[in-house]
Amino acid sequence: MKRRDFLKSTTALMGGTVLYGLATPAFAATPVSGGTLIWGHSETTQNLDMHQTGTASTGRVLQNVHDSIVTVDKDLNVIPNLAESFEQSADGLVYTFKLRPDVTFHNGKKMTSADVKFSFERCKDPATGAVNFEVFNAVESIETPDDLTVVITLGSVNAPFLSRLAENGAGVIMPEGSGDVQGTTPIGCGPFKFVRREFGNEVELERFDEYWGGPAYLDKVIAREITEPTVRLTGLRTGELHMINDIPADRIAEIEGDPDLQVVSWFPLNWDFVNFNHDFEPFKNPKVREAFDYMIDKEALLEGALWGQGAVTASPSYPTSASYNHDLKQRPQDFDKAKALLAEAGYGEGELSVVFKATTNYPYHIEAAQIMLEWFRMAGVNATIEQLTWSDWLSQCWVDKDFQITMMNFFTLWEPDFLYYSLWNTEGAFNYRKISNPMVDELTAKARVTVDPQARADIYKQVQTIIHDETLDVILWFRNGTIGAQPSVMGLDTIVHPNGSNLNFHRVWLQG
Amino acid sequence: MASYMLRRFIGSIIVMWAVATLVFFMLRFVPGDPIAAMLADAGGPDEIEAMKRNLGLDRSLFVQYAIWFQNMLHGDLGNSIYGSRVAVTAVLAEAIPRTLSLSLLAFVIALAIALPAGILSATRRNTATDTTVSLLAFLGLSMPDFWLAILLIIVFAANLQWLPAIGYAPLSDGFWPWFSHLILPSIAIGTAFSAIIARMIRSSLLEVLKADYMRTARAKGLTPWMIMFGHALPNAMIPVITVIGIAFALLISGAVVVENVFAIKGLGRVLIEGILNRDYPVVQGAVLVVSAIFVFSNLIVDLLYGVIDPRIRLN
Chain P
1 MKRRDFLKST TALMGGTVLY GLATPAFAAT PVSGGTLIWG HSETTQNLDM HQTGTASTGR
61 VLQNVHDSIV TVDKDLNVIP NLAESFEQSA DGLVYTFKLR PDVTFHNGKK MTSADVKFSF
121 ERCKDPATGA VNFEVFNAVE SIETPDDLTV VITLGSVNAP FLSRLAENGA GVIMPEGSGD
181 VQGTTPIGCG PFKFVRREFG NEVELERFDE YWGGPAYLDK VIAREITEPT VRLTGLRTGE
241 LHMINDIPAD RIAEIEGDPD LQVVSWFPLN WDFVNFNHDF EPFKNPKVRE AFDYMIDKEA
301 LLEGALWGQG AVTASPSYPT SASYNHDLKQ RPQDFDKAKA LLAEAGYGEG ELSVVFKATT
361 NYPYHIEAAQ IMLEWFRMAG VNATIEQLTW SDWLSQCWVD KDFQITMMNF FTLWEPDFLY
421 YSLWNTEGAF NYRKISNPMV DELTAKARVT VDPQARADIY KQVQTIIHDE TLDVILWFRN
481 GTIGAQPSVM GLDTIVHPNG SNLNFHRVWL QG
Chain X
1 MASYMLRRFI GSIIVMWAVA TLVFFMLRFV PGDPIAAMLA DAGGPDEIEA MKRNLGLDRS
61 LFVQYAIWFQ NMLHGDLGNS IYGSRVAVTA VLAEAIPRTL SLSLLAFVIA LAIALPAGIL
121 SATRRNTATD TTVSLLAFLG LSMPDFWLAI LLIIVFAANL QWLPAIGYAP LSDGFWPWFS
181 HLILPSIAIG TAFSAIIARM IRSSLLEVLK ADYMRTARAK GLTPWMIMFG HALPNAMIPV
241 ITVIGIAFAL LISGAVVVEN VFAIKGLGRV LIEGILNRDY PVVQGAVLVV SAIFVFSNLI
301 VDLLYGVIDP RIRLN
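Same order as they appear, the protein sequences are chains P and X.
Residue numbers are given in UniProt numbering: position 336 of the first sequence equals residue 336, and the series is strictly consecutive.
Residue numbers are given in UniProt numbering: position 281 of the second sequence equals residue 281, and the series is strictly consecutive.
See below:
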């Protein structure tokens, strides 16, 4: 059975995060404490303030420093975390959290309701510049009747409110008054204390013995920031690094074939899609967008650009979430249909020219774009590629919306509001394609005030149908996450949290 | 001599100012946006505007320049935009010792190879030794440093496992950790440098060895060693030192590439990442330091002429 088939049959349809490729002792041996794990981190950390940072790179490290008020289980149900219980009033407007009494911050202070109030108000305050501030838009008051009780009252129903608190971005609890230092020396109540950072070089974390969930096994984690994949691989090979994240797809087979190393993969890490600028004249016509969809063979593209490290999908919803629309099927490659649609839209052979902007930050995007370019040409479209550095892509495509066709990936957002409202609502913060579809706007707004989970999931399924039928974007695939590690690194099956966040070192340990 | 030094010093400062100013404006005309790079996959247009205001990037270029220049005179190079609130001087203070360690070790290695090679080649002119040395020098000069770096990693780090392949250890960790991390990158950078110097020493020595005073020295009955080190080499060194000064540039540009291959966070990596992230203050700071190294290494070379050749000192 090929890995992709395995993924499709097992993971995409049935289970959540699946880890495979683990050496057997990882499960069998008894964990031991001690040791410093050296991790070759693929990206550099930026602003270390959990509220202000929005990048995956920083979140990946801060994961271990912070904890959120609630979290999710593997079926994506919201469950207690720093709050040992929570209640929602029947009208969906009042949330009452009972806090755990045994939570200590890294500065030695016990966590109380005042810290929760401080954290949420800080996130809500526009002056903070929090990425997830809008989670608290509907919040009218945060009351603290006693040290361990927090009562939050909303002015209007906000269905995704609780789920959004299950991630550190909005749900993180920081000690009261620590706002000023969070950006440089973050203080939380997670399993590891922040020790130091040498900007652009490394971050050092140290075990926090009073962690409420029990102390971690590792004494220290040192995250060496090595952005060059080949250098990371070299460090792993020579044994200078215990583990590395993000192995380039074309090198995975090589590491898997090395008996001295282990590869851990999970599904999904993120998903990719092809974007049309809806302000570019030809792409205002849904027929042209559909024609482009018919030009792309998604399976072949996944194989060609990603070496099969993922699974194709027509829905960007988290594969195990209730909102995943299983009825949607990707359009097959069909050049005749594509040409016919282009002709209907008034573009004969060779009459349409497009520039595909792809970023070198994701080398597989460049490869995918090159493959697609050939298909576009086969369908009679004049296509050229423009390769952009990450900052140029962000500046041109994300900020200035100056592109015709591009592609991007997003981390798998298991919370559908975050996903569909941000990306496809006209007002969405991540709507860089200038999409404006009244039906999508209406449905994504309606979902926000729909409390019944099933009804809400159904609304998002409708949204996906519109995205697909109108070809607002072309959803391609979910991509696997991969880690390469020395055989001595154990407990890697716990490194990905059910909410998709990684890399969590709480239950990771070193053998020998 | 004192007034000459003063003139050279002032000249050097002017050159550095010109470079810094040029870089300031050039960076801002390069397409790309530091805020976009920083906010990456998070943050809508409103946050981007707010961030620009916070960082003063919404002001006119000349106002930004005036503020930057004034702060620079006070020793404040600003804060990194990308790694919010980290002072550029702190980033540079971490990076400079690494690049200097790397460059100086590369320099020592280069001289250790070039001096004997050049002398051997010149004294055994047109022999098999000379041809071999010339061939090796040619090879060293033609080999890209990043390729040599990868080759060294494969052989000495990956296969033999004698030396580490990545990272840097400060001298405070002990001599061996420091040396073992730097030796491979230093060889990678120093090879081309040694080839240039060896060829220069050879041709310069050949000129000197033909001179009349060499025959006189031999006629006086001096030993070949005394002739070489007492008379020939000092006279041959003037052009060599000029080349060394200019070729020091090679070490720095080599460091930019090689630091990336060996994951050493020196000036080179600071520069590359700064440019990719459009982190203006960091790039400006790094360029300022690099230009200072250039200008002052040339100044030192000029002053060295006087030490080596008394005739220059007297004039």
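Beta carbons are placed, not taken as given, at the ideal position from N, Cα and C, and that holds for glycine.
Checking 8 Å against the spacing of the C-beta atoms, do residue i and residue j come in under that value?
i, j, result
"Phe86(P)", "Val103(P)", "no"
"Arg224(P)", "Glu202(P)", "yes"
"residue 330(X)", "Val301(X)", "Outside the shown range of chain X (1 to 315) lies residue 330(X), about which nothing can therefore be said."
"Pro416(P)", "Tyr460(P)", "yes"
"residue 543(P)", "Glu176(P)", "No answer is possible for residue 543(P): it lies beyond the span of chain P, which begins at 1 and ends at 512."
"Ala305(P)", "Ala253(P)", "no"
"Leu37(P)", "Leu503(P)", "no"
"Thr450(P)", "Tyr420(P)", "no"
"Thr153(P)", "Leu99(P)", "no"
"Ile244(P)", "Leu233(P)", "yes"
"Tyr294(P)", "Leu328(P)", "no"
"Ser353(P)", "Asn325(P)", "no"
"His468(P)", "Met407(P)", "no"
"Ala106(X)", "Leu251(X)", "yes"
So is residue i buried or exposed if we call it buried at 16+ other beta carbons inside 10 Å?
i, result
"Gly491(P)", "buried"
"Glu290(P)", "buried"
"Lys265(X)", "buried"
"Asp392(P)", "buried"
"Ser317(P)", "buried"
"Pro282(P)", "buried"
"Trp424(P)", "buried"
"Arg311(X)", "exposed"
"Leu71(X)", "Correcting the residue identity first, residue 71(X) is Asn in this sequence and not Leu. Exposed, by the Cβ-count rule."
"Trp176(X)", "exposed"
"Trp375(P)", "buried"
"Trp225(X)", "exposed"
"Lys210(X)", "exposed"
"Glu140(P)", "exposed"
"Phe292(P)", "buried"
"Ala455(P)", "exposed"
"Asp297(P)", "buried"
Taking residue i as the reference, which of the options has the closest Cα?
i, options, result
"Gly66(P)", "His106(P), Asp209(P) and Gly40(P)", "Correcting the residue identity first, residue 66(P) is His in this sequence and not Gly. For the residues His106(P), Asp209(P) and Gly40(P), the minimum Cα distance to His66(P) belongs to His106(P)."
"Pro248(P)", "Ser178(P), Leu510(P), Ile495(P) and Arg479(P)", "Arg479(P)"
"Val91(X)", "Ala286(X), Ser297(X), Ala192(X) and Val290(X)", "Ala286(X)"
"Asn277(P)", "Met111(P), Arg433(P), Gly59(P) and Lys74(P)", "Arg433(P)"
"Gly380(P)", "Gln330(P), Glu349(P) and Tyr294(P)", "Glu349(P)"
"Pro259(P)", "Ala56(P), Pro487(P), Gly500(P) and Gly512(P)", "Pro487(P)"
"Pro453(P)", "Gly190(P), Asn431(P) and Phe161(P)", "Phe161(P)"
"Leu111(X)", "Ala198(X), Ile272(X) and Glu49(X)", "Ala198(X)"
"Ser178(P)", "Ile226(P), Asp147(P), Pro229(P) and Glu121(P)", "Glu121(P)"
"Leu160(X)", "Thr238(P), Val440(P), Val355(P) and Tyr217(P)", "Thr238(P)"
"Phe199(P)", "Val307(X), Tyr305(X), Glu94(X) and Leu22(X)", "Glu94(X)"
"Ala157(X)", "Ser142(X), Leu182(X) and Val63(X)", "Leu182(X)"
"Val88(X)", "Gly306(X), Ala292(X) and Leu267(X)", "Leu267(X)"
"Trp147(X)", "Val290(X), Val295(X), Glu259(X) and Gly274(X)", "Glu259(X)"
"Lys337(P)", "Asp473(P), Val264(P) and Val288(P)", "Val288(P)"
"Ser501(P)", "Phe97(P), Val274(P), Ala166(P) and Val264(P)", "Ala166(P)"
"Met439(P)", "Thr412(P), Phe430(P), Phe410(P) and Leu472(P)", "Leu472(P)"
Taking only beta-carbon atoms, is residue i less than 8 Å away from chain C?
i, result
"Gln46(P)", "Here chain C cannot be found, since the structure's protein chains are P and X."
For the segment 151-221 of chain X, list the alpha helix (DSSP H) runs that are entirely contained and at least 4 residues long, ordered along the chain.
175-209 and 212-219
If you scan the segment 431-489 of chain P from start to end, which runs of the beta strand (DSSP E) of 3 or more residues do you find wholly inside it?
473-485
With three or more beta-carbon pairs closer than 8 Å as the criterion, would you say the segment 98-118 of chain X touches the segment 180-188 of chain X?
yes
With three or more C-beta pairs closer than 8 Å as the rule, is the segment 208-219 of chain X touching the segment 228-242 of chain X?
yes
Touching by the beta-carbon criterion (3+ pairs, under 8 Å), the segment 18-33 of chain X and the segment 270-281 of chain X
yes
Please give me, in chain order, every unbroken run of the alpha helix (DSSP H) with length at least 4 that falls completely inside the segment 273-333 of chain P.
Taken in chain order, the complete alpha helix (DSSP H) segments of 4 or more residues contained in the segment 273-333 of chain P are 286-295 and 298-306.
Can at least three beta-carbon pairs, one atom from the segment 110-121 of chain X and one from the segment 188-198 of chain X, be found at a separation below 8 Å?
yes
Given 8 Å as the limit, is there contact between the segment 131-146 of chain P and the segment 160-172 of chain P, that is, 3 or more CB pairs closer than that?
yes
Flag this pair as touching only if the segment 120-131 of chain X and the segment 203-210 of chain X have three or more C-beta atom pairs under 8 Å; answer yes or no.
yes
At least 3 beta-carbon pairs within less than 8 Å: the segment 31-49 of chain P vs the segment 178-192 of chain P
yes
Could you name each continuous alpha helix (DSSP H) segment of 4 residues or more that falls completely within the segment 332-403 of chain P, going from the start of the chain to the end?
335-344, 363-378 and 390-393
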